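Protein chains in written order, with the numbering used here: chain A, 1 to 990; chain B, 991 to 1491. Beta carbons: idealized from backbone N, C-alpha and C, even for Gly. Bear in mind the structure is a predicted one, so any value in this text is a computation, not a measurement.
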């Protein structure tokens, strides 16, 4: 299924070579086993793993867990996706949940962002690598944004692909952040690694069965609705202030839906919310069986889970199956196979904005959806005639051969990660002005890895050993999609884009149900290959000191041919204080100090950089980006919109230094872990506005350096431990700060897409005007040399905002904007409390983001109704939720909304708000029946629990929820609230 | 141990092949080494220059916003950005205006033409099918489009940097060049291109023998710039410079040769028909950028229909721009005008130009190529061609030139040709007033919505010199647009237009 495209021949050679290699080894092995069996071979109790960290290699417990909560506890929350489950669980990992719509992508940032975000596709550049049982998972590619007129949803199913594993199957999750742990993963790990290890099979010659299940609901929120009368009153304030006869100028027209107070659709009861919001059902069931002995064992599991949203019947369902087989046919030979398959299906939101963006067509917006329930239900009835089949299939496979002779190990792995997404969409003609719409998307992401690692554990003398590893990794990535959409089919019964299938028909392969001229088809494919070599030496002395050096050599097909390869070193040092000084001190369970420093390359996500100056078909224009040619023939021009790419683009790289210390006490379960880091990403390419007189919007220039610094702290222990009662508390907190340290060409500042980047400032700061009130009369407006204070040449008048003239030139221009705030929090983390009494436990989890600002764009749009009313702007589309009262109207002065200075523009501190918050994210109460049922469970466990998620939020934010701001820190008001959910469930193992 | 080593050597040998793994030709872009190899490359690059010109003209409907909305004659019910433009508040803080102040798209045309002129000769060596004659015609078109871009820019911004090489190693920033010099250069370029341009493509014209890029004339008519197109641009250039003797000379060539180029006057019903003159592509669209429905070039934006059409023509509550009733009556003040005239009761006699005349918004619906040239109001995808110039335009421009030069008889004759075609009686000074006025009024009626009005107004006021406000606007450079802040920030040799400082 996943071999849709032929893999490159090098891979075939590779496979061939490994077969030869195996046959050689086998011969070799036979000879050896013939000679001295038992002399050096010991039966392993587990299949050996390639350990990513030098600390794991040497003293296995030197690295503290980065995720302190056990996977079993995380599973209690019932989330479908890994990012949701990990939110707040590891210091230094910041997870955004910009929408409560279930199954939508969440973005994760390890140790902040290291490249500025201007649009959706830049988010992809900041994502960590997720490694599932040794397979570095392929992430979706943002290339399809090239054919999209609007930066809203990516085409295709847009399912959260990190829901591919059942949390119940996970043994541990680690967030790897420092050079000591990430270096082995190479350039893909430049933004950190989320390492997921699934449960091992039972090995005690017994079958093990586990069943986990829960059921619960997402609770419908309570909202205040408004109707046309409210909106009309709101607007009339401005007409009263700034017009004499209810019209600002003679051409102006007041919206019809607000001008007729007898129209019950808009002026009647606003009860749409009963149809829009709903309680959703959440459930999950997962069963696993495992068995076998130490030489061969297996595991098989099946799971199904649903998360529901609180509006528009949004749902996310996943079905997973996982099979794992470990074999040790010979004492020195290990096979490991695992296959993980998941199907994701998602019922998406029914937003108009998302629909219009997907259709690339904005109809007449003069009559928004009416707040009256009957009117809204009628619309929903029509909507229900559409279909939106939105699903993904994910398959991860891993085959590993391990050969081990005493101190020599050879490991060969073949790994496949494949996921495909489908979206078949149809909107009936009744939904939009008699035009129906059909689209079909099929796309896949595919990764194949062939890697070989040879290790030699060299025992130098009684006190020291040297572990040597050498590895070669070949990786082939491919992303592809086919997409077609069509308008105006013959009727609403044929919902797919049929093609003439008769080769003898002159119309062969032309569409039959939709007009040929209104069918748009797209094919796109991009590949990336990566070749890596690394060698590592790890020296261990007396179990007190360890030092490791890793040298890598990585070649990427997305790097320019002249600088295709990059050499990067990293060093890690460890000092076991416990063994050094505290050998006899029983208080300290462990005490270590760690330090590591290293460099890793950063990959180019797009393949055009490798091509240098190139030609492409970027000849479209605003609102029609998909123009492929002229006069029905293909056209090729320089990439004027994407920007000039010259030669001599070097690899970007990240230099990271980390020091940490960890200790655990033997009393009260106390642990403490502290990390301080500097992560300096250098030579990154930035699209700088340039060469407008040569037609270019940008030039892509290397030389942007961004430094993230921070401290991460995790500590915990028992507050009270008295008899049967125990109160355990733990806190994870990450402090992060980013700073731009250099721009390409030694520039001090640059303005890119309405964001200012300035050396020495943060890269996620807002660039805004400072608001100082309102000009009450024309006389208030400062005048210098007879010229009135103006905004980019437009003179201020009474009713306009007073914006601070930072440079005192009596003009408000871009130079008067200042950098303020940041949307990546300075402090993020969680504080957990666990209470245990007898077999009961109560767990509370508080999640917080501090030192964060967001822009309340929704209120800016609300007040800027003059510019937004029927403007044909995708961001001015009124959803049914327009009829919900949100925000604090009293906060904003009544400016003249007609003024061409654009009084209510979002980029001013009037709309900048404190986005810090504290949430009680989880409460769960459980009871462990294991003791009571010990005899009948045969050493198994039974645990029952109830959980409540997202119970309350403490925040100063005047909008709905500060967490659901988008990736630019703007709360657009379109995203669904994160639901409050309640669930009950049990976990049974026997 | 030896065997282990042996295995390792074998293993590493396999990795040599992996280096090749890193050479991937992108399927998304064409690299320098795969470009300029064959005649398909020159065709794609040349059509790219056309496509960019069309994009520059239609992005945010610039062609009509610059040429029509700015005249201030249209009423704007909803869109605040267009209101600001109509009121000449061109510094307004708005996305649309910011885009219209930015000349980058025009320089993309120029850069693509420069790259083409410099690189296309490479194909001669690499592809036998590509020959000198083909190259000559191609380069002439690139030069014409480049000159046209400069002419267009200089009408919008006045002085602009003159860049005639791709300079890809330096991208040297340049200051603005005086518009007189730009225009002199444009004229020289067009005159140099003219000898290499055919009157029509694929019809065995001496400049271009055989089928151009193996395609029949029907492929190219109306889509490519011809010798006639070059003269049309020259005529407009000379008129903008008030060099009326040259206008007369350049238009004369067209008047003498339009028949050979398969160009004719358009009948009124064709002018206003959804599948008439503006639909598809044909040689009477003298210099145009079509949006051919059959080529899937229909679009939601980038056509005048997006601005002008609304209910009852299409399903849209209010048009972006419209002409109010008084203004229409004022412009179409003669009876029997086939384009638009009213009876004594004030009811329209024909609906070619305007629908819903007595409604809230009279809809200017002269150009209404909806979908594949039908009248379905429910799906607003349009396919009209952007016509920079047609025979009526040149005829009236010539009439204007002759009138200014004092050749009233010739001017009247030309004017009457157009009037006759539209059902009007011949011009007479008694009923129609001054000849120049009558010619401009005729231009207004005939070319309404075709992106000429603003420039006509400027020329008219230069000739008449009797409207102090407008004359001051011309004198102070207020007829030009301010330059985008973004452009100014990235080239410190540039200065904002004085009027907008």
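Inset, instruction - Assess, as a yes-or-no matter, whether the stretch 1183–1196 of chain B is touched by the stretch 1127–1134 of chain B under the definition of 3 or more beta carbon pairs within less than 8 Å. - result: yes
Legend entry - CB contact flag (residue 704 of chain A, residue 684 of chain A, <7 Å): In the first chain, counting from the first residue as 1, residue 704 of chain A sits at position 704. In the first chain, counting from the first residue as 1, residue 684 of chain A sits at position 684. Their beta carbons are under 7 Å apart, which means residue 704 of chain A touches residue 684 of chain A by this criterion.
Inset, instruction - Taking residue 1100 of chain B as the query, report the chain A residues whose CB atoms sit under 9 Å from its CB, ordered along the chain. - result: Here residue 1100 of chain B refers to the residue found at position 110 of the second chain. The answer, in chain order, is 693, 694 and 695.
Inset, instruction - Tell me, to the nearest whole angstrom, how far the beta carbon of residue 120 of chain A is from that of residue 975 of chain A; I am working on the premise that it is less than 8 Å. - result: Position 120 of the first chain, counting from 1, holds the residue named residue 120 of chain A. Position 975 of the first chain, counting from 1, holds the residue named residue 975 of chain A. About 14 Å separates the two Cβ atoms, so there is no contact after all.
Legend entry - Identified DSSP bridge partners for residue 682 of chain A: Here the question's residue 682 of chain A lines up with position 682 in the first chain. Per DSSP, A:653.
Legend entry - Sheet register partners of residue 458 of chain A (DSSP bridge): As a working mapping, residue 458 of chain A is identified with position 458 in the first chain. Answer is A:466.
Legend entry - Delimiting residues of the beta strand (DSSP E) encompassing residue 404 of chain A: Mapped onto the first chain, residue 404 of chain A falls at position 404. Here the beta strand (DSSP E) through residue 404 of chain A covers 387–405.
Inset, instruction - Have a look at the DSSP bridge pairing and note the partners of residue 96 of chain A. - result: For the purposes of this step, residue 96 of chain A is identified with residue 96 of the first chain, where counting begins at 1. According to DSSP, which records beta bridges pairwise, residue 96 of chain A is partnered with A:107.
Legend entry - Minimum C-alpha distance to residue 886 of chain A - residue among A:861, A:908, A:727 and A:549: As a first step, residue 886 of chain A must be located in the first chain, where it is residue number 886. Looking at the Cα atoms, A:861 is the closest of the given residues.
Inset, instruction - Measure the alpha-carbon distance for residue 541 of chain A versus residue 294 of chain A and round it to whole angstroms. - result: As a first step, residue 541 of chain A is located in the first chain; it is residue number 541 there, counting from the start. As a first step, residue 294 of chain A is located in the first chain; it is residue number 294 there, counting from the start. One C-alpha to the other measures close to 32 Å.
Legend entry - Neighbourhood of residue 1073 of chain B by C-beta, 7 Å cutoff - its chain only, sequence neighbours within 5 removed: Residue mapping note: residue 1073 of chain B aligns to position 83 of the second chain, counting from 1. Hits under 7 Å: 1066.
Legend entry - Beta-carbon neighbours of residue 1079 of chain B, restricted to chain A and to distances below 7 Å: Locating residue 1079 of chain B in the second chain gives position 89, counting from the first residue. Those are 794 and 900, listed as they occur along chain A.
Legend entry - Length-filtered (4 minimum) alpha helix (DSSP H) runs lying within the stretch 598–667 of chain A: 608–611
Legend entry - Cβ-heavy atom distance, residue 181 of chain A to the ligand MG, below 6 Å: As presented, the structure is devoid of all ligands, the ligand MG included, so that no description of it is given.
Inset, instruction - Inspect the beta-carbon positions of residue 680 of chain A and residue 718 of chain A and report whether they are closer than 7 Å. - result: As a first step, residue 680 of chain A must be located in the first chain, where it is residue number 680. As a first step, residue 718 of chain A must be located in the first chain, where it is residue number 718. No. Outside cutoff.
Legend entry - Supposed close pair residue 1019 of chain B, residue 608 of chain A - CB separation, criterion 8 Å: Counted from its first residue, the second chain places residue 1019 of chain B at position 29. Counted from its first residue, the first chain places residue 608 of chain A at position 608. Residue 1019 of chain B to residue 608 of chain A, Cβ: 5 Å. Contact.
Legend entry - Beta-ladder partner(s) of residue 593 of chain A, from DSSP: Position 593 of the first chain, counting from 1, holds the residue named residue 593 of chain A. According to DSSP, which records beta bridges pairwise, residue 593 of chain A is partnered with A:575 and A:661.
Inset, instruction - Give the DSSP-derived three-state secondary structure of residue 1487 of chain B in the structure shown. - result: On the second chain, position 497 is the one that residue 1487 of chain B refers to. Residue 1487 of chain B falls in the coil class under three-state DSSP.
Legend entry - the stretch 353–363 of chain A contacting the stretch 389–409 of chain A, beta-carbon criterion three pairs below 8 Å: no
Inset, instruction - Note down, in chain order, every chain C residue with its Cβ under 9 Å from the Cβ of residue 616 of chain A. - result: The structure shown contains no chain C; the protein chains it does contain are A and B.
Inset, instruction - Compare the C-beta of residue 999 of chain B with all C-beta atoms of chain A and state if any pair is closer than 7 Å. - result: The residue you call residue 999 of chain B lines up with position 9 of the second chain. Unreliable positioning characterises residue 999 of chain B in this predicted model, as indicated by a pLDDT of 47, which lies under 50. The coordinate reading is nonetheless provided below. It does not: the Cβ of residue 999 of chain B has no partner Cβ on chain A nearer than 7 Å.
Inset, instruction - May I have the straight-line CA-CA distance separating residue 1417 of chain B from residue 1385 of chain B, to the nearest angstrom? - result: Stepping through the second chain from its first residue, residue 1417 of chain B is reached at position 427. Stepping through the second chain from its first residue, residue 1385 of chain B is reached at position 395. One C-alpha to the other measures close to 15 Å.
Inset, instruction - Could you pull out every unbroken beta strand (DSSP E) segment of at least 3 residues lying fully inside the stretch 809–866 of chain A, listed in chain order? - result: 818–820, 827–837, 840–850 and 853–855
Legend entry - Beta carbon proximity, residue 608 of chain A to chain B, threshold 7 Å: Numbered from its first residue, the first chain carries residue 608 of chain A at position 608. Judged by the 7 Å Cβ criterion, residue 608 of chain A is in contact with chain B.
Legend entry - Length of the line joining the Cα atoms of residue 1029 of chain B and residue 1107 of chain B: Within the second chain, the letter at position 39 stands for residue 1029 of chain B. Within the second chain, the letter at position 117 stands for residue 1107 of chain B. Residue 1029 of chain B and residue 1107 of chain B: Cα-Cα distance of roughly 14 Å.
Inset, instruction - Say whether chain B places a C-beta atom closer than 7 Å to the C-beta of residue 634 of chain A. - result: Reading the first chain from its first residue, position 634 is the one you call residue 634 of chain A. Interface residue, yes.
Legend entry - Exposure label - residue 1165 of chain B; buried when at least 16 CB within 10 Å: Stepping through the second chain from its first residue, residue 1165 of chain B is reached at position 175. Per the 10 Å Cβ criterion, exposed.
Inset, instruction - Take residue 21 of chain A and list the residues in its own chain whose beta-carbon comes closer than 6 Å to its own, dropping the five residues that flank it on each side. - result: Numbered from its first residue, the first chain carries residue 21 of chain A at position 21. Summary for residue 21 of chain A: the model assigns pLDDT 38, below 50, so the residue's position carries little reliability; its value from the coordinates is reported in the next sentence. There are no such residues.
Inset, instruction - Assuming residue 1062 of chain B and residue 1076 of chain B form a contact by the criterion Cβ under 8 Å, report the distance between their Cβ atoms to the nearest whole angstrom. - result: Along the second chain, read from residue 1 onward, the residue named residue 1062 of chain B stands at position 72. Along the second chain, read from residue 1 onward, the residue named residue 1076 of chain B stands at position 86. With 8 Å as the limit, residue 1062 of chain B and residue 1076 of chain B qualify as a contact, their Cβ atoms being about 5 Å apart.
Legend entry - C-beta neighbour in chain B for residue 488 of chain A, strict 7 Å: Here the question's residue 488 of chain A lines up with position 488 in the first chain. Yes, residue 488 of chain A lies at the interface with chain B (some Cβ there is under 7 Å from its Cβ).
Inset, instruction - Please classify residue 328 of chain A: does DSSP put it in a helix, a strand, or coil? - result: Sequence index remark: in the first chain, residue 328 of chain A carries index 328 (1-based). It is a strand residue.
Inset, instruction - Following the continuous alpha helix (DSSP H) through residue 216 of chain A, name the residue where it begins and the one where it ends. - result: On the first chain, position 216 is the one that residue 216 of chain A refers to. It is not in any alpha helix (DSSP H) - residue 216 of chain A instead sits in the beta strand (DSSP E) that spans 208–219.
Inset, instruction - Quick one: which residues of the stretch 1255–1285 of chain B get their C-beta closer than 9 Å to a C-beta of chain A? List them in chain order. - result: 1271, 1279, 1280, 1282, 1283, 1284 and 1285
Inset, instruction - Assign residue 1481 of chain B to one of three DSSP states: helix, strand, or coil. - result: The sequence position of residue 1481 of chain B within the second chain is 491, counting from 1. Residue 1481 of chain B falls in the coil class under three-state DSSP.
Inset, instruction - Rounded to whole angstroms, what's the CA-CA distance from residue 1354 of chain B to residue 220 of chain A? Just pull it up for me. - result: Position 364 of the second chain, counted from the start, is the residue given in the question as residue 1354 of chain B. Position 220 of the first chain, counted from the start, is the residue given in the question as residue 220 of chain A. C-alpha separation (whole angstroms): 49 Å.
Legend entry - Interface flag, residue 370 of chain A vs chain B, CB-CB below 7 Å: Stepping through the first chain from its first residue, residue 370 of chain A is reached at position 370. So no, residue 370 of chain A is outside the interface.
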